[in-house]
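First comes the structure, then the notes that go with it.
Protein chains: 2
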Amino acid sequence: MLDWEDLKYFLAMAEHGSLSAAARKLNVSQPTLSRRLTALEENIGAELFARTRAGLEMTLLGEQMRHHARHMQDDVHAMERLVTGHDSSLSGSVMISCIEAIGAMWLVQKLGNFIEQYPGITVDVKVDNAVSDLLRREADIALRMFRPVQNDLVAKRTVTMNYGYYASKSYLETRGKPQALKELKEHNFILPHDEILTQTKTDPRKVYSLSRSATFRSNSMMALATAVESGFGIGAYSCVMAVDKPDLVRLFDDLTVFSTDIWLVSHAELRRSARIRAMYDYLGDMLTSHNDAFAGRLPARAAE
Amino acid sequence: MLDWEDLKYFLAMAEHGSLSAAARKLNVSQPTLSRRLTALEENIGAELFARTRAGLEMTLLGEQMRHHARHMQDDVHAMERLVTGHDSSLSGSVMISCIEAIGAMWLVQKLGNFIEQYPGITVDVKVDNAVSDLLRREADIALRMFRPVQNDLVAKRTVTMNYGYYASKSYLETRGKPQALKELKEHNFILPHDEILTQTKTDPRKVYSLSRSATFRSNSMMALATAVESGFGIGAYSCVMAVDKPDLVRLFDDLTVFSTDIWLVSHAELRRSARIRAMYDYLGDMLTSHNDAFAGRLPARAAE
DNA sequence: GTGCGGCAATTCAAATATGAATATCAAGCC
DNA sequence: GGCTTGATATTCATATTTGAATTGCCGCAC
Numbered sequence: 002m003l004d005w006e007d008l009k010y011f012l013a014m015a016e017h018g019s020l021s022a023a024a025r026k027l028n029v030s031q032p033t034l035s036r037r038l039t040a041l042e043e044n045i046g047a048e049l050f051a052r053t054r055a056g057l058e059m060t061l062l063g064e065q066m067r068h069h070a071r072h073m074q075d076d077v078h079a080m081e082r083l084v085t086g087h088d089s090s091l092s093g094s095v096m097i098s099c100i101e102a103i104g105a106m107w108l109v110q111k112l113g114n115f116i117e118q119y120p121g122i123t124v125d126v127k128v129d130n131a132v133s134d135l136l137r138r139e140a141d142i143a144l145r146m147f148r149p150v151q152n153d154l155v156a157k158r159t160v161t162m163n164y165g166y167y168a169s170k171s172y173l174e175t176r177g178k179p180q181a182l183k184e185l186k187e188h189n190f191i192l193p194h195d196e197i198l199t200q201t202k203t204d205p206r207k208v209y210s211l212s213r214s215a216t217f218r219s220n221s222m223m224a225l226a227t228a229v230e231s232g233f234g235i236g237a238y239s240c241v242m243a244v245d246k247p248d249l250v251r252l253f254d255d256l257t258v259f260s261t262d263i264w265l266v267s268h269a270e271l272r273r274s275a276r277i278r279a280m281y282d283y284l285g286d287m288l289t290s291h292n293d294a295f296a297g298r299l300p301a302r303a304a305e
Numbered sequence: 002m003l004d005w006e007d008l009k010y011f012l013a014m015a016e017h018g019s020l021s022a023a024a025r026k027l028n029v030s031q032p033t034l035s036r037r038l039t040a041l042e043e044n045i046g047a048e049l050f051a052r053t054r055a056g057l058e059m060t061l062l063g064e065q066m067r068h069h070a071r072h073m074q075d076d077v078h079a080m081e082r083l084v085t086g087h088d089s090s091l092s093g094s095v096m097i098s099c100i101e102a103i104g105a106m107w108l109v110q111k112l113g114n115f116i117e118q119y120p121g122i123t124v125d126v127k128v129d130n131a132v133s134d135l136l137r138r139e140a141d142i143a144l145r146m147f148r149p150v151q152n153d154l155v156a157k158r159t160v161t162m163n164y165g166y167y168a169s170k171s172y173l174e175t176r177g178k179p180q181a182l183k184e185l186k187e188h189n190f191i192l193p194h195d196e197i198l199t200q201t202k203t204d205p206r207k208v209y210s211l212s213r214s215a216t217f218r219s220n221s222m223m224a225l226a227t228a229v230e231s232g233f234g235i236g237a238y239s240c241v242m243a244v245d246k247p248d249l250v251r252l253f254d255d256l257t258v259f260s261t262d263i264w265l266v267s268h269a270e271l272r273r274s275a276r277i278r279a280m281y282d283y284l285g286d287m288l289t290s291h292n293d294a295f296a297g298r299l300p301a302r303a304a305e
């Protein structure tokens, strides 16, 4: 009869490619993994990995078994979700996965009240542009730019996040303030990578024609924002981030360059957990009550 | 992070209803299970079972987790099949699941050559009227009376096993030898349970009219055979078993009372195992070469 | 070539898990 | 009522598992 724990270890080895790497991930020592792998192989009477100096190389049988072990892991994750979902206590931790454009600034600032209100809960903000897998418990709640496709996830669309063209006062003093879009090509232009743009609702005419003349590009919205703030040039900037930046000036009569909807997502089972539910509701309220800030309406006008 | 081995133990407890029963099944001690359950429950922070004096009673969460644990077990079984399928050595064990009518006598006798030929293989004959689940590795090869319905099983029909009416010479000397079926009601009659008959190809007219007047009934073909051999009366008796029973006489001109087809079944992956393949082929040859004996042709005539 | 870094295997003392024996309790049965 | 049976929990000596340290091995860079 196989030892299921060995299978867990086996999967980690298979996914990480070496005993040492798997050991680090599992928080056990490398000799332990070495011995358990040996034991597993002796148990089944066949080799799962060829040990090389560079690490482990899977055998055919190993590949086939890996498939089933992954499947088992999915069930383990499902159980973990069940367990968390049954947790009615307002203590523990909540992991929020979030894109950088919101997570690094706005989200953190707005969580102050929550932290006061629920002192027992550890709030964990995971800023990642990669999509955390809620089904694998990589996060409890996610703020996404699109409707999630996986089943078993609950999601609601909250605010629409608009980006306008902004520049710093210092830049505009030096280079002048353009009045029409066509004047942009005379200016230093700050632009996200195309991979970012394709995730948004963008009017290509407003952006793509300029992509060749860009002065600064990045896949990091924070880096782009810093570039705008530092007077590198004119760039798309999140309206909600511009709210408390008096040095920034919005251009072209509040033109919206591109916009994304923000989806609040959680796993159906996780939402039954009291603390996750609390965070889910808190974020939902917080987002919708800042609807105008995200859309760039009230604050942007006030700044003009 | 959950300990997968705990989940295996948890499943066993869930399926067997008590720590003690699960411990026996898993070949570990009851205190071990008690401790590991406690550890698992502390790990997830919730109760899985309510401990009662009568055993364990599952909580709602336990029920939900059980479902996933079963799912994991299916994957483990799949891996075990993979492993066995990859085992090319001619050592280890082969478990044959077989109905009593063949397993207890004929099969065992005919395995002699195999055991000589493959000294490294442990042959394990599991006589059961319940159907062992090949997918769950409860057996490697099965002799069945019907075509298996599960996918992933390979099966071939081998011989047809006929049953005739037999009686011992001593009984016939005392009570006389009936010449026609209708005289049977004057005799002591030995009959299988109806549940056996319904599994066979039986002409009801030959048997059911007599069921009320039976002297001896059993669900065990061996018990029925012993009854016939002991001179209890006239009964259906497997032709192949009668081959080396000179004291038995077949009645009514080799009339076939009922018959069953014998299917040789294995799992598709298991057939890649050298030792199981060897047994599969051996049994296939052995069965077909004894076709006449099963049908009751040559030996029965010789005995007349 | 020499040294460095990453890898798996080995060694040995310490932490951990295990099983046999036992205690304790509840229910069923004379 | 007392006895038996079968369940979980507890205790303690023992066996197993683990991790830190170490060794040995290879490839790579300088």
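Here the protein sequences come in this chain order: A and B.
Residue numbering for the first sequence follows the numbering used here, starting at 2 and increasing by one per position.
Residue numbering for the second sequence follows the numbering used here, starting at 2 and increasing by one per position.
Beta carbons are placed, not taken as given, at the ideal position from N, Cα and C, and that holds for glycine.
Range of the contiguous alpha helix (DSSP H) that encloses A/W5:
W5 to H17
Consider the Cβ of A/A79: report whether some Cβ of chain B lies at a distance smaller than 7 Å.
yes
Using 7 Å as the limit for Cβ to Cβ distance, is A/M96 near chain B?
no
Is the beta carbon of A/S267 less than 7 Å from the beta carbon of A/V155?
yes
Residues of the stretch 34-47 of chain A whose Cβ lies closer than 7 Å to any Cβ of chain B, in chain order
I45, G46 and A47
Are the CB atoms of A/G234 and A/N189 within a distance shorter than 7 Å?
yes
Any beta strand (DSSP E) of 3 or more consecutive residues that is wholly inside the stretch 104-167 of chain A
122-128 and 142-145
Can you tell which of A/K127, A/D7, A/M162 and A/R251 has its C-alpha closest to the C-alpha of A/T289?
A/M162
Looking at B/T85 and the ligand SAH, is the gap between the Cβ and the nearest heavy atom below 6 Å?
Here there are no bound small molecules, and the ligand SAH is not part of this structure.
Tell me, please, which residues DSSP counts as bridged to B/C99.
B/V128 and B/L144
Let me know the secondary structure DSSP gives B/D293 once reduced to three states.
helix
Inter-stretch contact at 8 Å, needing at least 3 Cβ pairs: the stretch 95-107 of chain B / the stretch 238-245 of chain B:
yes
The stretch 7-18 of chain B: positions lying closer than 7 Å to chain A by Cβ:
L8 and K9
Tell me whether the beta-carbon of A/I191 lies closer than 7 Å to the beta-carbon of A/I142.
no
Report yes or no: is there a C-beta of chain A within less than 7 Å of the C-beta of B/L108?
no
For B/H69: DSSP bridge partner residues:
B/H69 pairs with nothing; no bridge assigned.
Cα-Cα separation, B/Q65 to A/A140
21 Å
Between A/Q31 and chain B, is there a C-beta pair that is closer than 7 Å?
no
Determine, using beta carbons only, whether B/L3 comes closer than 7 Å to chain A.
yes
Can you confirm whether the stretch 74-89 of chain B touches the stretch 62-78 of chain A when touching is taken to mean that 3 or more C-beta pairs between the two stretches lie within less than 8 Å?
yes
Using the C-alpha atoms, what's the distance from A/E48 back to A/E42?
6 Å
DSSP puts B/E58 in a beta bridge; with which residues?
B/A51
Counting Cβ pairs, one atom from each stretch, are 3 or more of them under 8 Å apart for the stretch 146-153 of chain A and the stretch 251-267 of chain A?
yes
Per the DSSP calculation, B/G177 is bridged to which residue(s)?
None, per the DSSP bridge assignment.
Alpha carbon to alpha carbon, what distance is there between B/H87 and B/Q110?
30 Å
Counting contacts by CB-CB distance shorter than 7 Å, is A/A301 in contact with chain B?
Residue placement at A/A301 is poorly supported in this model, since its pLDDT is 41, which falls under 50; the coordinates still yield a value, given next. No, A/A301 lies away from the interface with chain B (no Cβ there is under 7 Å from its Cβ).
Output yes if chain A places a C-beta closer than 7 Å to the C-beta of B/D76; else output no.
yes
Using a C-beta cutoff of 7 Å, does A/V84 count as contacting chain B?
yes
Tell me which residue opens and which closes the alpha helix (DSSP H) that B/L192 is part of.
Not the alpha helix (DSSP H): B/L192 falls in the beta strand (DSSP E), residues F190 to P193.
Apart from the five residues on each side of it in sequence, which residues of its chain come closer than 8 Å, Cβ to Cβ, to A/D125?
S94, V95, M96 and I97
Using a Cβ-Cβ cut-off of less than 8 Å, give me the residues of the stretch 240-261 of chain B that come near chain A, in sequence order.
none
Taking CB distances under 7 Å as the criterion, tell me whether B/H188 reaches chain A.
no
Residue closest to B/A55, alpha-carbon to alpha-carbon, out of B/S21, B/E81 and B/T33:
B/S21
Below 7 Å CB to CB, which residues in the same chain sit around B/E221 once its five sequence neighbours on both sides are set aside?
Just to set this straight, residue 221 of chain B is Ser in the shown sequence, not Glu. These residues qualify, in order along the chain: E101.
Looking at the strands, I want to know which residues DSSP matches up with B/R218.
B/L192
At the 7 Å Cβ level, is A/M59 part of the contact set with chain B, yes or no?
no
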